[in-house]
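In our numbering, the protein residues as written are 581 to 841.
Glycine included, each C-beta is placed from N, C-alpha and C at the ideal position.
Step one of this worksheet: look at the structure below.
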C-alpha cells in the first residue's frame with residue numbers, strides 16, 4: 581500500500597516490507613536506520629506501518645496474512661509508478677509477464693497491481709492519486725533497486741518495453757546492466773544474473789548507510805544473516821547483502837564519496 585509523493589511514470593516510488601513479525605520489524609529497522617513508526621488503520625482491520633524520517637515517509641510495512649505464512653517468504657516489495665495500473669498490468673501480460681493481482685483501489689490514495697516479469701521476478705505497479713512526502717536517495721533511505729534474474733536479456737527487453745527504460749553495461753562489470761530513464765540524471769535500477777545457483781528471480785533494494793559493517797553485524801547479532809560480507813566495489817562504494825531475523829533480504833550501500841554529486 582504505497583503512500584508517497586507523485587513520481588514520474590517508470591520511477592521506483594515505494595518499498596514495502598511484508599513480514600511474518602511486524603512487531604519485531606517495528607523495533608529493528610528504527611534501531612538500524614533511525615526511522616520513526618506511524619500506523620494507519622486498514623479497511624477490514626489491522627494497520628499499515630509507515631516508516632518515517634523527519635517529516636517524510638521512507639517505506640511501508642505490514643504483517644503477512646495467516647494464509648501466506650509458510651507459503652510466501654517474508655520479503656520487501658518494490659513498486660514502480662505508472663499512469664494507469666490496469667493498463668500497465670495488461671501491457672505486462674502482453675509482453676510475456678504474469679498478472680498476480682489485477683488493479684484494485686487502495687482506499688483513496690491510489691490503485692495498484694502486482695505483476696511478474698517473464699523470468700518470474702515480482703513487481704508492484706502504483707497509480708498515485710494522492711501526493712505524500714516520500715523520502716529516498718539519501719542516507720538511511722532506499723537508494724537503489726536491483727533485479728537478479730537468470731535471463732537478463734529477456735527481462736531487460738520486457739522492462740524496456742513496459743517502462744521505456746534504456747539499458748547499458750556497467751564499466752568494469754560486463755554482467756551488470758544499468759536501467760536508465762530519459763530525463764533522469766542517474767540510473768533507475770540495476771540488473772544482474774544471480775550470484776549463485778538457487779537464487780530465484782527477484783527485485784532487491786539497497787538502503788544507504790554510513791556504517792555498512794556495523795549495521796550488517798548488528799543484524800547478525802539480532803538473529804539475522806549476512807549473505808555477502810561488507811565488500812568494497814570500485815566506482816560504487818561499500819556493499820553488503822543481509823537478511824533480518826525473519827529472513828527478509830536487503831542490501832546495504834555506503835557510496836564512494838568520489839562518485840556522489
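By the neighbour-count criterion, in which a residue is buried when 16 or more other Cβ atoms sit within 10 angstroms of its Cβ, residue 680 is exposed. Looking at the backbone, the Cα of residue 838 and that of residue 691 are separated by about 40 angstroms. Taking a C-beta distance under 8 angstroms as the contact criterion, residue 695 and residue 669 qualify as a contact pair.
The C-beta separation of residue 629 from residue 638 comes to about 11 angstroms, leaving the pair out of contact by the 8 angstroms criterion. Excluding five sequence positions before and after residue 779, the CB atoms of its chain that fall closer than 7 angstroms to its own CB belong to 728, given in chain order. The beta carbons of residue 819 and residue 723 sit no closer together than 8 angstroms.
Rounded to whole angstroms, the separation of the alpha carbons of residue 662 and residue 756 is 25 angstroms. Residue state for residue 600 is assigned as coil, using DSSP reduced to three classes.
Taken atom to atom, the span from the alpha-carbon of residue 810 to that of residue 800 is near 13 angstroms.
Fully enclosed beta strand (DSSP E) runs of no fewer than 3 residues occupy 805-813 and 817-823 of the stretch 802-830, in order along the chain. Sequence-distant partners of residue 672 (beyond 5 residues in either direction) whose C-beta falls short of 6 angstroms from its own C-beta, in its chain, are 695 and 742. According to the DSSP assignment, residue 742 belongs to the alpha helix (DSSP H) that extends over 732-743.
Under the three-state reduction of DSSP output, residue 795 falls in the helix class. Here residue 712 is not bridged, per DSSP, to any residue.
Counting the other Cβ atoms within 10 Å of the Cβ of residue 654 gives 16 or more, which makes it buried. Annotation for residue 672: no beta strand (DSSP E) segment contains it, though the alpha helix (DSSP H) segment containing it runs 665-674. For residue 726, the closest of 821, 611, 803 and 613 by C-alpha to C-alpha distance is 821.
One alpha carbon belongs to residue 793, the other to residue 674, and they sit about 44 angstroms apart. A Cβ-Cβ separation of about 6 angstroms places residue 644 in contact with residue 600 under the 8 angstroms criterion. Between residue 597 and residue 656 a beta carbon distance of about 6 angstroms is seen, short of the 8 angstroms cut, so the two are scored as contacting. Counted as a single uninterrupted DSSP element, the beta strand (DSSP E) harbouring residue 621 occupies residues 616-621. DSSP places residue 718 outside both helix and strand once states are collapsed to three, so it counts as coil. Of the candidates 739, 697, 746 and 770, the residue whose Cα lies closest to the Cα of residue 763 is 746. When DSSP states are grouped into helix, strand and coil, residue 607 belongs to the helix group.
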